[in-house]
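Take the sequence shown: its letter number 51 is residue 51 in this note's numbering, and every next letter is one higher. Written out below as structure tokens is the structure these notes cover.
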Amino acid sequence: DNPDSDLDLLLIGDFRGSPYLRAREVRELLRRYPIRIDLHLVTPEEVAGESRKPHGFLSSVLASGRILYKKAGKGYC
């Protein structure tokens, strides 16, 4: 999404608040790494709505991205 980032990281969870506020704490944790990360925190409801858009960002990520961790019993992707 951001041409200056080295990595796009999508986290799906039961987040609250605005996308910026959701990501603030995670961004602080990731600052120690020498890589530019474009962080996306979305709820399962947002994934369901956006995944219906064939050319949307989430559709692209869900089709071609790699799952790094999936909590047992969660079926978000």
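Where a beta carbon is used, it is the ideal one built from N, C-alpha and C, also for glycine.
1. Report the start-end ranges of each beta strand (DSSP E) in the stretch 5 to 32 that is 3 residues or longer and not cut off at the edges.
2. Return the Cβ separation of Phe15 and Leu41 in integer angstroms, given the expectation that the two are a contact with Cβ distance under 8 Å.
3. Can we count Leu39 as close to the ligand NAP, meaning its CB is less than 7 Å from some heavy atom?
4. Just how far apart, CA to CA, sit Ile37 and Lys53?
5. Opposite His40 in the DSSP bridges: which residues?
6. Indicate whether Leu30 and Val47 have their beta-carbon atoms separated by less than 8 Å.
7. Asp6 and Ile35 - do their beta-carbons sit closer together than 8 Å?
Considering the structure as presented:
1. As far as the stretch 5 to 32 is concerned, its whole beta strand (DSSP E) runs of at least 3 residues are 7 to 12.
2. Here Phe15 really is in contact with Leu41; their C-beta atoms are around 5 Å apart, less than 8 Å.
3. Although the ligand NAP was asked about, the structure shown includes no ligands whatsoever.
4. Approximately 24 Å, taken between the alpha carbons.
5. Answer is Leu10.
6. No; because the gap between Cβ atoms is not below 8 Å, this pair is not in contact.
7. Yes, these two residues count as a Cβ contact at 8 Å.
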